[in-house]
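A.B. asks: What follows is a single structure, and I will ask about it in a moment.
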């Protein structure tokens, strides 16, 4: 996923929470938990950068942590919260 | 325990799931009705008051609301409220017995976005269903389901309360859902409302609880449960979902007159947090009510402290304990370890539900 151009699905709303955020998908009416504040920032910023890699880089996230973010974003793509653009 | 669950237990800034009973009026008189519905309460929220509640939910970013009753479609402004909510980005899921879903209503519903429907059905055949929900209610529900299918509504829900008469019909319910392109939802029977009197005869037996649990593990992947069976987690592997009582933490109930209760199953003074008509509205109640703040404190395992299954079942359902006369820190009446049976045997007096909106039973006078 690292080199893919991504964005938050236009039908998904994020509600900030102490643990991260609730993501609600208006199309399939599913609720997804984003369990860390940083993953919320990453998701919000995806559309502003050409790839996941450049998003993580721009946010100053340590490269050791990229695989973890990669897999978290993959599961969000599976649940259609994040889409390829 | 995950960090996420800890956050949930401490309560969120806004609920995830709100049940909003729009009216106590109902054309049916189900013997387990959690809100003792039948007659309309004259103090019901007006249309503009209902819109104001929607505005608040939107401001709090509550993504969807579960409308119910009574029979919510009885309200003349039902479609106005649904339209207003969905236009504000507050999705709607509503529970209905189907009596008012004719061909035209089904087509109207099918045209709407952000809308989901749950048709209540408590038996896979008329005899089983009608014994609980009233004569003719099975045919009514099936007719509504046919209208929704014919109108290409899409995947609605069939919502079943599990009783000792329908646990053996789980496969049949799934087949029925498949036949209609619907999704099956099953939830736990609580001794709330008129259920306070019918629960003892209706709730699943210990053997059936295990049967239900095993069925969910084997075939329940696509079945919705509202996370209502977490007391069964003490049987072994955890069922999917949030393993906690969400009352006042992530869920609550707004009743037809605007009273806010900790959950849909505890319509009683002791769990009344406030009213949306008072200053500060719903948000004030949610954030500051003494009751809700108290429910967000760590709860004592009480009598269950020495039981190895506490982490798995969390002591079960507050409403189930309350309306069977078991202390709130006692075991669930349906504790799978059998503690509930002892607790029931020594239970205190059973609290009566707050309001009884039941219609007077019609008396047929026969000629002698």
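Protein chains in written order, with this note's numbering: chain A, 3 to 87; chain B, 175 to 542. Even for Gly, the Cβ is constructed at its ideal location relative to N, Cα and C.
Going by DSSP, which residues form a beta bridge with residue 398 of chain B?
C.D. replies: Residue mapping note: residue 398 of chain B aligns to position 224 of the second chain, counting from 1. Paired residue(s): B:359.
A.B. asks: Helix, strand or coil for residue 262 of chain B, going by three-state DSSP, please let me know.
C.D. replies: Counted from its first residue, the second chain places residue 262 of chain B at position 88. Note: residue 262 of chain B maps to coil in three-state DSSP.
A.B. asks: Enumerate, from N- to C-terminal direction, the unbroken beta strand (DSSP E) stretches of 3 or more residues contained entirely within the region 250-318 of chain B.
C.D. replies: Counting whole runs of 3 or more residues, the region 250-318 of chain B contains the beta strand (DSSP E) stretches 265-270, 289-294.
A.B. asks: Any residues in the region 13-34 of chain A with a beta carbon nearer than 8 Å to a beta carbon of chain B? Which ones, in chain order?
C.D. replies: Flagged, chain order: 15, 17, 19, 20, 21, 24, 26, 28, 31, 33.
A.B. asks: By the three-class DSSP mapping on this structure, what secondary structure does residue 407 of chain B have?
C.D. replies: Within the second chain, the letter at position 233 stands for residue 407 of chain B. Of the three classes helix, strand and coil, the one that applies to residue 407 of chain B here is helix, per DSSP.
A.B. asks: In this structure, how does DSSP classify residue 336 of chain B when only helix, strand and coil are distinguished?
C.D. replies: For the purposes of this step, residue 336 of chain B is taken as the residue at position 162 of the second chain. If DSSP states are grouped into helix, strand and coil, residue 336 of chain B belongs with the strands.
A.B. asks: In three-state DSSP terms, what is residue 35 of chain A?
C.D. replies: By 1-based counting over the first chain, the position of residue 35 of chain A is 33. Strand, per DSSP.
A.B. asks: Taking residue 27 of chain A as the reference, which of B:223, B:276, B:391, B:287 has the closest Cα?
C.D. replies: Along the first chain, one-based indexing puts residue 27 of chain A at 25. If we check each option's Cα against that of residue 27 of chain A, B:287 comes out closest.
A.B. asks: Could you tell me which residues DSSP puts in a beta bridge with residue 426 of chain B?
C.D. replies: The residue given as residue 426 of chain B occupies position 252 in the second chain. Looking at the DSSP assignment, residue 426 of chain B forms a beta bridge with B:192.
A.B. asks: For residue 443 of chain B, which residues of its own chain have a beta-carbon under 8 Å away from its beta-carbon, when the five flanking residues on both sides are left out?
C.D. replies: Looking up residue 443 of chain B in the second chain gives position 269. These residues qualify, in order along the chain: 528.
A.B. asks: Under a CB-based cut-off of 8 Å, is residue 235 of chain B close to chain A?
C.D. replies: As a first step, residue 235 of chain B is located in the second chain; it is residue number 61 there, counting from the start. Answer yes: the Cβ-Cβ gap between residue 235 of chain B and chain A drops below 8 Å somewhere.
A.B. asks: From residue 380 of chain B to residue 489 of chain B, what distance separates their C-alpha atoms?
C.D. replies: Here residue 380 of chain B refers to the residue found at position 206 when the second chain is read from its first residue. Here residue 489 of chain B refers to the residue found at position 315 when the second chain is read from its first residue. Computed Cα separation, rounded: 17 Å.
A.B. asks: Would you call the region 213-223 of chain B and the region 52-67 of chain A in contact, with 3 or more CB pairs under 8 Å?
C.D. replies: Judged by Cβ distances under 8 Å, the region 213-223 of chain B makes no contact with the region 52-67 of chain A, as fewer than three pairs qualify.
A.B. asks: Check this for me: beta carbons of residue 448 of chain B and residue 467 of chain B, under 8 Å apart or not?
C.D. replies: Position 274 of the second chain holds residue 448 of chain B. Position 293 of the second chain holds residue 467 of chain B. For residue 448 of chain B and residue 467 of chain B, no; Cβs fall outside 8 Å.
A.B. asks: What do you reckon, are the CB atoms on residue 221 of chain B and residue 246 of chain B nearer than 8 Å?
C.D. replies: The sequence position of residue 221 of chain B within the second chain is 47, counting from 1. The sequence position of residue 246 of chain B within the second chain is 72, counting from 1. No, Cβ-Cβ distance for residue 221 of chain B and residue 246 of chain B is not below 8 Å.
A.B. asks: Rounded to a whole number of angstroms, what is the C-alpha to C-alpha distance between residue 72 of chain A and residue 514 of chain B?
C.D. replies: The residue given as residue 72 of chain A occupies position 70 in the first chain. The residue given as residue 514 of chain B occupies position 340 in the second chain. Answer to the nearest angstrom: the Cα atoms are 47 Å apart.
A.B. asks: Please report the Cβ distance between residue 10 of chain A and residue 45 of chain A, rounded to the nearest whole angstrom; I am assuming they are in contact, meaning their Cβ atoms lie under 8 Å.
C.D. replies: Taking the first residue of the first chain as position 1, residue 10 of chain A is located at position 8. Taking the first residue of the first chain as position 1, residue 45 of chain A is located at position 43. With 8 Å as the limit, residue 10 of chain A and residue 45 of chain A qualify as a contact, their Cβ atoms being about 6 Å apart.
A.B. asks: Decide if the region 179-189 of chain B is in contact with the region 296-315 of chain B; the criterion is three or more beta carbon pairs, one per stretch, under 8 Å apart.
C.D. replies: Judged by Cβ distances under 8 Å, the region 179-189 of chain B makes no contact with the region 296-315 of chain B, as fewer than three pairs qualify.
A.B. asks: Taking Cβ to Cβ, would you say residue 208 of chain B is nearer than 8 Å to residue 369 of chain B?
C.D. replies: Translated into positions along the second chain, residue 208 of chain B becomes position 34. Translated into positions along the second chain, residue 369 of chain B becomes position 195. In this structure, residue 369 of chain B lies closer than 8 Å to residue 208 of chain B by Cβ.
A.B. asks: What residues of chain A sit near residue 258 of chain B, judged by a beta carbon separation below 7 Å?
C.D. replies: Along the second chain, read from residue 1 onward, the residue named residue 258 of chain B stands at position 84. Per Cβ cutoff of 7 Å: no residues; residue 258 of chain B is ~16 Å from chain A at best.
A.B. asks: Roughly how far, in whole angstroms, is the beta-carbon of residue 497 of chain B from the beta-carbon of residue 475 of chain B, given that I think they are within contact range, below 8 Å?
C.D. replies: Position 323 of the second chain, counting from 1, holds the residue named residue 497 of chain B. Position 301 of the second chain, counting from 1, holds the residue named residue 475 of chain B. Wrong, their Cβ atoms sit about 21 Å apart, outside the cutoff.
A.B. asks: Tell whether a beta-carbon distance below 8 Å holds between residue 532 of chain B and residue 203 of chain B.
C.D. replies: Indexing the second chain from 1 puts residue 532 of chain B at position 358. Indexing the second chain from 1 puts residue 203 of chain B at position 29. Yes, Cβ-Cβ distance for residue 532 of chain B and residue 203 of chain B is below 8 Å.
A.B. asks: Note down the Cα distance separating residue 362 of chain B from residue 8 of chain A, rounded to an integer number of angstroms.
C.D. replies: Position 188 of the second chain, counted from the start, is the residue given in the question as residue 362 of chain B. Position 6 of the first chain, counted from the start, is the residue given in the question as residue 8 of chain A. Their backbone Cα atoms lie some 41 Å apart in a straight line.
A.B. asks: Below 8 Å on the Cβ atoms is my guess for residue 315 of chain B versus residue 294 of chain B; work out the distance and round it to an integer in Å.
C.D. replies: Taking the second chain and counting its residues from 1, one reaches residue 315 of chain B at position 141. Taking the second chain and counting its residues from 1, one reaches residue 294 of chain B at position 120. Right, their Cβ atoms sit about 7 Å apart.
A.B. asks: In the region 438-503 of chain B, which residue ranges form an unbroken alpha helix (DSSP H) of at least 4 residues, counting only runs that do not cross its ends?
C.D. replies: Whole alpha helix (DSSP H) segments, 4+ residues: 455-462, 464-469, 484-487, 492-496.
A.B. asks: Can you name the residues of chain A whose CB is closer than 8 Å to the CB of residue 238 of chain B?
C.D. replies: As a first step, residue 238 of chain B is located in the second chain; it is residue number 64 there, counting from the start. Result: 26, 31.
A.B. asks: Indicate whether the contact test is met: 3 or more Cβ pairs, each with one atom in the region 332-350 of chain B and one in the region 290-306 of chain B, closer than 8 Å.
C.D. replies: The region 332-350 of chain B, when compared against the region 290-306 of chain B, does touch it at the 8 Å Cβ threshold.
A.B. asks: Taking the C-alpha atoms as reference points, what is the distance between residue 456 of chain B and residue 64 of chain A?
C.D. replies: Here residue 456 of chain B refers to the residue found at position 282 when the second chain is read from its first residue. Here residue 64 of chain A refers to the residue found at position 62 when the first chain is read from its first residue. If you take the alpha carbons of residue 456 of chain B and residue 64 of chain A, they lie about 42 Å apart.
A.B. asks: According to DSSP, is residue 199 of chain B part of a helix, a strand, or is it coil?
C.D. replies: For the purposes of this step, residue 199 of chain B is identified with residue 25 of the second chain, where counting begins at 1. Strand, per DSSP.
A.B. asks: Which residues in the same chain have their Cβ closer than 6 Å to the Cβ of residue 404 of chain B, if we skip the five residues on either side of it in sequence?
C.D. replies: Walking along the second chain from the start, residue 404 of chain B turns up at place 230. Excluding sequence neighbours, residue 404 of chain B sits near 417.
A.B. asks: By the DSSP assignment, the alpha helix (DSSP H) with residue 243 of chain B in it spans what residues?
C.D. replies: Counted from its first residue, the second chain places residue 243 of chain B at position 69. Segment: none, residue 243 of chain B is in no alpha helix (DSSP H) and carries neither H nor E.
A.B. asks: Does the Cβ of residue 67 of chain A have 16 or more other Cβ atoms within 10 Å, making it buried, or fewer, making it exposed?
C.D. replies: To locate residue 67 of chain A, count along the first chain from 1; it is residue 65. Exposed, since its Cβ has fewer than 16 Cβ neighbours within 10 Å.
A.B. asks: Could you have a look at residue 18 of chain A and say whether DSSP puts it in helix, strand or coil?
C.D. replies: Start at 1 with the first residue of the first chain, and residue 18 of chain A comes out as number 16. In the structure shown, residue 18 of chain A sits in a strand (DSSP, three-state: E or B).
A.B. asks: How long is the line joining the alpha carbons of residue 175 of chain B and residue 297 of chain B, rounded to whole angstroms?
C.D. replies: Working through the second chain from its first residue, we reach residue 175 of chain B at position 1. Working through the second chain from its first residue, we reach residue 297 of chain B at position 123. Because residue 175 of chain B carries a pLDDT of 42, less than 50, the predicted location of this residue cannot be relied on, and no value is offered for it.
A.B. asks: With a 10 Å radius around its C-beta and 16 neighbouring C-beta atoms as the bar for buried, classify residue 546 of chain B as buried or exposed.
C.D. replies: Residue 546 of chain B lies beyond the stretch modelled for chain B, which goes from 175 to 542, so this question has no answer here.
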